[in-house]
Structures are given as C-alpha cells and as structure tokens.
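One structure is given below, encoded as structure tokens.
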Amino acid sequence: MTPATGAPMTQDTVLDVEGVSVRFGGLVAVDAVSLSVRRGQIMGLIGPNGAGKTTLFNVIAGIQHATGGVVRIGGRDISRLPPHRRARLGIGRTFQRLEVFGTLTVRENVLVAAEARRRWDRSVDPAQATEDLLARLHLDTLHGEMVDSLPSGTQRLVELARALACAPRLLLLDEVASGLSTYEAETMAVLLRELAADGLSVLLVEHDMPFVMGLSERVSMLDHGVIVVTGTPAEVQANPDVQAAYLGSREAVA
Amino acid sequence: MRALTNRRSVGVVVVAAALLWVVIRSWAGSPVTVNSIGQMIMFALPIAGIYAVQATGLVVVYSSTGIFNLAQGSIGMFGAFIYWTLLVQWHLPEALALFLAVCVFAPIFGLLLDVVLMRRLAQATVIVKLTATLGLSLGLLGVANVLWNPDSPHAIPNLFPQGGGLTAFGVVLTWQRLITIGAALALALALRWLLFRTRTGISMRAIVDNADLATLFGIRHARTSGLAWVLGSVCATVASILIAPELGNLSAQTLSLLIIDSFAAAAVGRLRNLPMTYVGALLLGLVVSFSSTFLQFGGDFAQLPAVIPSIALLVVLLFLPEPTVHVGRALRTYRMETVPSWRTVAIASAVVLVAVVAFGPLMSGTVMLQLTVAAATGVILLGMVPLLGWAGLPFLAPYGLAGFGAWLAWRLQPDLPGLVGILVAGLVTAVVGLIATIPALRLRGLYLALGSIAFANIAVTFIFPLPWLLNSDHAVAPPDILGLNLSSPSSFLIFATVVYLLLACGIVWLRRSRFGRRLIATRDSEAAAACVGISLVETKAIVFMIAGFIAGVGGALLVEAQQFVSVDQLPLIGGLSIVLSLVVFGVGTVSGPLVAGLMAAAFAVISSDWLQGNWGDTLTVVGPALAALGLISLPRGAVPEIVADAKEHPLPLAARTAGLVLGGVIGVLCHLPGLVGVALAVAGAAAGGVLAGLFSQRRSHALDALAWPDRPHPGQQAAEAAAGLDDPALGLSRDIDELVRGQLDQALGISPAGAR
C-alpha cells in the first residue's frame, strides 16, 4: 500500500482494499485499486460514469469476483467469502439501481434484514430494531406500504434502513442521494454524520458533488479503474486532473 | 472461495468416478482402434448436427428476446407434419415441399408467434415466460394430434431415398446424414454472416449485450425479436425434417420432447454463445455416439441411453462457472402471492370440508375417484407453491418428485402402514428433491427450469422403470389412519381433503413466518438478500426440501387413491401440464393447486366421458392454448385476479357465473350434446355479462381483460411510462421542450438548468 492511494493503515482500519483488479474479457474495469476506510470515517468515491466505482463496490460486497487483490474487513481477509458471509462480518450496502424487496412492505423489508442478523447476533430483537430504524428514518408512517409502489427517493431510504438493520461496521452507499429532494438529502447527510459519530464507517459513491464534498472526510477519485487522487475534499477539488477528467470546470464544483 | 473450489473438485471426482464406473460396467468389449474411433466420430457428426441446429434455435430466441422457448421441439414437429402433408398427401415434388415448409411456412409461423404471443411476454417473470411457451408446446401437440391422427402412419422419407453416400472407416454416411452435417455448417456460416455483416444482426447482438442501451440507440426490439422467432422456427423445422426419417413413423410427442436432448448443448453455450453451443452439440454427439459404439447397456441400465443427453445437461449445470449474484431485479415484480387472513383460511377450509362430507357420499364411484385424484394432484401442486410462487424458482417437475413418494407409499406399506408410511415417503422425497436440484441450486432460475425438465425425464424414463422400483404395476391397499379404515372411496376423499387443508394451512403459516419473508426477499432481489446476510443456497435448499416433502405426500395419496402404482400415473407431459395449470390459476395461492387439480380431473372426465372422440381432443387442444393466452393477460394467475375482480365488481361476475351455471344445467338436464351444452353455458355467461352491464353503467373490469387487442401491452406501457418520464432509464420517446426538461431535472434530482 502506497501512501498516495489511501490513508495509512492503522489499528482501527475497518475496510482495507489492496490491489483489487477486475477484468471483463479485455476490459480492465478496476485496475489494482487500493484504499482503506477507518472506523467512523466517511470516505467519498467519485469518478465519471464507467470509472469502476460500482464494480469496486460489488467486489467489496462479494457480488463480483475480483481477478486479483485482497479485501479485508477488520484485518480479516474476506476475498473468498460469499456475499452473505461478508454481510455477517459487517458489510452493509445500498444499490445504485434500486434492489428493494418490491412485494414486501416497508416494515418487512427492514424486518427481513433484522431477522437475518439474529443468525449471528442473538441479542437483537428484530421487531424492536425494525421499529427503531423506521422511526429514525421517518419511514414509520409508511410501514405497511408495498415498496414497489413508493417513489424512488423513499425506496432509497428503505434500502438504507434495511442495510442498517444488519448493524454493519461498514456501509457502502451507491448514489444514495440521487432521487432525493434537497431537503431529503440534507436530512440524509445529518443522519450519516450521526452514524459516523457512533463509529460506523461509510464509503460513499456519489455524483452529487456538494453532497459528497460536504460530507466526506476524505475523497478518492476513480477514473478508468485507477485511483487518480486521494485527499481531503478541498485537495481533490483543487486537483487539476480531477477538474480535467471529471468536473470540467471550477464552477460546477461550487 | 477456496472452500467452494474444494467442493467443486470433490464434485468433479464423484461425477468422474460415477461415469467411469458406468463405462467399465457397461463396456461392450469392442476394440478401441482407429477404425472404431473413426466410426464413433462418423456416427457423432450427424447427431451433433441435429443438436446444433435445435440448440441454435433456442439460443437465438433466448438471447434476443429473453424467452427460453420450450415449444421449440413442438414448432419443429409441426413443421415436419406440414412437410409430410405437402410431400406425401399432396404429392408435391420434394424440393417444392421442402421449400414451402422451411422457407414459407416456418418463417410465417415464427413471425405470427412473435406478434400474437411472445412480444406480449417481454415484461413477464421467468416462470410466466416458461409456462407460456409450455402452453404453446402442449397446444401444438394437441392440434397435431387432431390434424394428423396419431393412430395412422406418417413417415417422412429420406431426402435421397435411393441410398448411397460416403463411406469411411467401414461406415456409410448416408446422404441424409451428410445433409444434416451440411445444414448445421451452413446455418453456422449464415448466422455468422447475419450477426456480423448485416445491420439487423448487429442490432441483435447489441440487444444481447445491453437491451436498455440498445433501445436508447433507437434499435427496434420488434424487428429483432421477429427475426429471432423466424430463425428459431426455421431451425426447429429443419432439425425435425432431418431427424424424422431416422425415427421412423412421425410421432408428435417424440419430436416435441426431442428438444430436451438439445438443452445440454445450449447450456454449454450458456444460452448465449453460438460457437460454444456448437462445441456443446459436438461433445454431446460424441458422448451419445461413444455410448452406442463402445458401451452395452443391459438389465437395469437398458433405458439409460435414452437419458444420456439429460444426464449430460445435469453434468454441464454442475460445472457451469458460478455466476455472480444476479443484480437487477425484474422490471416489474408482480405480487404473485396472496396471503389470506386466518379467517379466510378457516372459512374456506370449513366450506370445502363440509361440501366433501355432505356431497361426497352422494356421488358415483367414478366421480369420487376423480375428485380424490384431484385432491392428491392438488397436494402435489401445493408443494410447488412455496417453490414457484414465493421463492420464484421455476421447477417444472412435480411428478418427478411425486413419483418417489408414490413408489415409497407402495414399498413401505408392509412395514409402515398408514400415516407413518405417508410421512416417511414425504421425508425421503424431500431428500430426493434436495439431491436432484444440487446441480442447479447455485445457478440462476432458467437453468433450474432446464435441470428440472432433465430430472423429470431421467426419473420417468430411467429411474422409475428400474426393476427394483416400478417396472410393473402393483396394487396399493388404502391405508388405515388412526384406526379408521379408508377403503371406501368417500372416506378416502375426506382424508385426502383433510391432508390438503392441513398442508395448505401449514404453508400459509410458512408464508407468514420469518422464513416466508426470507423467500420473498430472495425472489425479489437475490443481490440484496445476500447483502443482508441471507444465504441463497441454504434458503433454496430448504424450500426444495419443503416442496419435496409435500409432493412426496401427494404422490403417496395419489397411488393410495387409485389403489395401484404404475409409471404411467406420472407422465412427463402430464407433469408439465399441471404446472401450466397451476401457474394459470395462481402460483402463489393455496387455492390455486386445488383448482388446478379439479380442472385436470374435470378435463379428464369431460374428454373421456362426455365428449368422446374428436371433440374431446379439441378440448385438450384448446385448454393449453387458452391457458397460455390467459397467462399473458392475467400474469398473476386467474384465482387472485378473479378474487380481486369480484371484490371490485361483484355484480357482473355473479351475473356471468349465474348465466354459466344456468346454461350448463339446462344443457345437462335436457341431455343436449356436449358441445351444444358448452355453447349454451358460454352464451349464458355472455348474457349474464350483458345484463350486468345494463344494470351498472360502469364498464366491467373483467371485460377489459377479454378485449385484449385494446389493452396496452407491456412494451407500450413502458413507452408511455418513459413519455411520462416516470423512469428516465427507459429513454426518451418525444421531443424535449422547456416543461419536459423541468420534469426531467426533477426526476433526475438535479437543480434546474437555468439556475446553474
């Protein structure tokens, strides 16, 4: 691991990605990417469409097999574990293209995850945990609605609640602010800060620049499967490569 | 994934050892020389040619339309019969008949299928797509049996009847076989040219790669799907005409089921890759030819050669690379299941039970037997409800499982009579269900469907007829349950009904339980389920064991009701048709299986007792075809739709039902001929509908379903949704003005363009 590609590894590193590559035939979607996320840290991952952000997420969550490299959670190598085992080790995620349980109700969506959690955490009371989460995300008024019938912004909240129901150590959020109104996005940002303050690590893929720059402690930019730059939001915004490859001009960043 | 790799290498060793054992055990003793290997290859090539042409049809249609065409064999069968009619009945010259069948009939037929049926399935779930093509297959089979009486001979001569051919390694490769090889090669070259050198072909490849993106680039699905069905239909017809002379007399059923043998070739190509499909066809041809050249199957294994392609499919599935978990759920998920309240369950159960107890003894023995068989069939199908309806796993072989329950019910009777025997039969079948699905457990839905058909084929053709299973019929005594003797038909009917109701309550409880939610979650999104810590393989394995248990109990009931057990009770086609009927009536309901079982019994009674001869055949033809159409109009299944309709518009439904019953009763009481009676009942229903329409000004919702041409089909709905900008991913279908741009910005969650 080189200092240029991520934060230095410390005792409280939650996620550690080392030299991960994904090849689809001749196309290298992710090329020897290394990054790490500390406990309670919110890290942003930006990059143009097709840069490999979602592919990297899929590798971390175990949905996509990497061609090479190692993924560790809390120091443990999970590169060969199937997705449900990784979830049990504390990885939660949302999806860019919504993956809700469409024919279950809002409550059932969260409950199913809370019940799955009981498999590895006997202390949890699924029903109670579900009620708490629904209240916290202001979904309690909708608990009986079938999720397919809800607007996509609300479905994103359901996905988030479902991911949180597994009490993850690391939350992978794939464009969680898209489809949210400005007000909802602000509420979401407040919530994520609270969660981070409680010790949850968040890796955030986002196109909404104000959202990601305002929220993240560090930001990495991925382009053509390679991490171009990592730093504080201000450093990344000032980087000429970032402006050229992604943002186009300075005005768009503000 | 090291554990997984180890598990797989264990699988490799086990399968290799089993195959080696079969080879050594059955070695015929012929010497392995250049000559004998040459002969083997000479035999393999034409077989491979047939597989290649059939599998190409499957792959082309699947990859460009997303529909795996189980009717491919039946379409080819139909083409072959048309060719026979032109050639033998109308005495047309061979070349002209061939041209008309392959270049005129087959393309038109394929295009019609696409326009009338298949295009409307674009948004349907895997299960609905599969069962709709299953309905088509059964319908074509029925039509063929009406048009070409199966009792009279229909034989297609060789294309070059004078014989001769190419001699190599001491084998004559007849012209017929040379043409088969040539046709496969020509098809490969033609497709290569079409897909890489023409605009339409490139569009087809684009759709295979990314359908959404292709739409955005203005590729019209209609044109490519039409072309795909034309190609599929031509492939099917060519393959059937080429293979038919080798099979002797044309048999509609044999030709239809022949497609199962090509599944393995398509699976090697992972249902998308044509060159690999050809490789698969060649390997399959070599395996079949190897076994006929070097192996000799006698005794217990006499039937094995017939199922080698099906076994090959299961082996291929076992070694297909593990797919990544499927991301991207169906565009539209139907709520396939209805979860009734306990009150509804209690009332419905009480009504059914009282009806059976009160009216059962009044009925004749034959009717009672049919009803008992219906209840047993219902139990078998009840096992499919958690599997197909809730977990969304397209398992199409209920009789494959039920057969084990049936065999055990007979086998265990001396030692474990009564309820214990039935329960043990169920438990053992649960294990069988688990083992049978191991190859497909980790794979995606469609492979499971193919694997299940192969499993049913192996079970019915090879396993059940084994000498130590069911090679002859045996009597089965009705059991004593809790000291009650069930030898009278009415008492067994009550027993079977009680078993059905208890199991139905059990699966309603299951659906409401934690595990039920887990099943639905897995169906709605495998990726999300895995990412909240649900093990997909474990969940599927459990639901298979539940399905196996219930189907096993159903199989036991079936043979105890009929008081004998025989392989013929559980035919392959019969199993497929009851699945079709279950999906039509509502695959996620606990009432659907009983209705499907009753319909199957009613059909049997009507076609054998009331409408003998041609009219009975017509009914069996119309049934599946109507079912396929119904499925497309009411994809959730008839029972949930009718219940919803009755709640919303009770009057028209009641009036129509009253008209139907009145017409039927008049028909029966006046001893009118069956068809006139049916016509009267239908007229009664129509009259009831008209009357209800006069009473209520509102247009009936149910009539909308009948007026299907006016109904926007899913593609149109998607276009409208895109026009309404409900889903920006579907692309734009109209010009963008200021207003639309505002809506678009809002839908995409970005601030208005001007404000930037």
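Here the protein sequences come in this chain order: V and H. Taking the numbering used here, I'd label the letters of the first sequence as residues 4 to 257. Taking the numbering used here, I'd label the letters of the second sequence as residues 190 to 945. Cβ atoms here follow ideal geometry from the backbone N, Cα and C, with glycine treated the same way. All values reported here derive from a predicted model rather than from experimental measurement.
Skipping 5 residues on each side, what residues in its chain have a beta carbon closer than 7 angstroms to that of residue i?
| i | result |
| --- | --- |
| residue 480(H) | 494, 497 |
| residue 67(V) | 25, 58, 61 |
| residue 708(H) | 575, 579, 580, 728, 732 |
| residue 489(H) | 655, 656 |
| residue 684(H) | 670, 675 |
With the cut-off set at 8 angstroms, would you say residue i and residue j are in Cβ contact?
| i | j | result |
| --- | --- | --- |
| residue 164(V) | residue 198(V) | no |
| residue 679(H) | residue 673(H) | no |
| residue 324(H) | residue 823(H) | no |
| residue 782(H) | residue 574(H) | yes |
| residue 175(V) | residue 45(V) | no |
| residue 742(H) | residue 778(H) | no |
| residue 852(H) | residue 774(H) | no |
| residue 190(V) | residue 148(V) | no |
| residue 299(H) | residue 418(H) | yes |
| residue 265(H) | residue 444(H) | yes |
| residue 710(H) | residue 98(V) | no |
| residue 246(V) | residue 216(V) | no |
Within a Cβ cutoff of 6 angstroms, which residues of the same chain sit near residue i, ignoring the five residues on either side of it in sequence?
| i | result |
| --- | --- |
| residue 257(H) | 251, 635 |
| residue 193(V) | none |
| residue 373(H) | 238, 241, 242 |
| residue 91(V) | 123 |
| residue 75(V) | 19 |
| residue 921(H) | With a pLDDT of 45 at residue 921(H), under the threshold of 50, the modelled position of that residue is not reliable, and no figure is offered here. |
| residue 393(H) | 253, 413 |
| residue 880(H) | 844 |
First and last residue of the beta strand (DSSP E) that includes residue i?
| i | result |
| --- | --- |
| residue 355(H) | 354-357 |
| residue 76(V) | 71-76 |
| residue 96(V) | 94-96 |
| residue 26(V) | 16-27 |
| residue 231(V) | 229-234 |
| residue 32(V) | 30-41 |
| residue 127(V) | Careful: residue 127(V) lies outside any beta strand (DSSP E) and carries neither H nor E. |
| residue 362(H) | 360-363 |
| residue 340(H) | Counting along the chain, residue 340(H) falls outside any beta strand (DSSP E), and DSSP gives it neither H nor E. |
| residue 176(V) | 173-177 |
From the DSSP secondary-structure annotation, give me the bridge partner or partners of residue i.
| i | result |
| --- | --- |
| residue 716(H) | For residue 716(H), which the question treats as bridged, DSSP gives no partner whatsoever. |
| residue 80(V) | 75(V) |
| residue 47(V) | 207(V), 222(V) |
| residue 753(H) | 664(H) |
| residue 108(V) | 149(V) |
| residue 670(H) | 673(H) |
| residue 344(H) | 438(H) |
| residue 484(H) | 216(H) |
So, for residue i: in the same chain, excluding its five sequence neighbours on each side, which residues have a beta-carbon less than 8 angstroms away from its beta-carbon?
| i | result |
| --- | --- |
| residue 739(H) | 568, 569, 571, 572, 615, 692, 696 |
| residue 391(H) | 384, 385 |
| residue 355(H) | 361, 362, 367 |
DSSP three-state label for residue i, please.
| i | result |
| --- | --- |
| residue 663(H) | strand |
| residue 205(H) | helix |
| residue 531(H) | helix |
| residue 897(H) | Caution applies to residue 897(H), whose pLDDT of 38 falls short of 50 and renders its modelled position unreliable; the value that the coordinates give is listed next. The answer is helix: DSSP assigns residue 897(H) an H, G or I state. |
| residue 444(H) | helix |
| residue 698(H) | helix |
| residue 273(H) | helix |
| residue 903(H) | Unreliable positioning characterises residue 903(H) in this predicted model, as indicated by a pLDDT of 43, which lies under 50. The coordinate reading is nonetheless provided below. Reduced to three states, the DSSP call for residue 903(H) is helix. |
| residue 474(H) | helix |
| residue 416(H) | helix |
| residue 604(H) | coil |
| residue 382(H) | helix |
Could you spell out the range, first to last residue, of the alpha helix (DSSP H) harbouring residue i?
| i | result |
| --- | --- |
| residue 650(H) | Run containing residue 650(H): none; DSSP gives neither H nor E here. |
| residue 245(H) | 223-254 |
| residue 313(H) | Here residue 313(H) belongs to no alpha helix (DSSP H), and DSSP marks it neither H nor E. |
| residue 219(H) | Looking at the DSSP string, residue 219(H) is not in any alpha helix (DSSP H), and its letter there is neither H nor E. |
| residue 599(H) | 587-601 |
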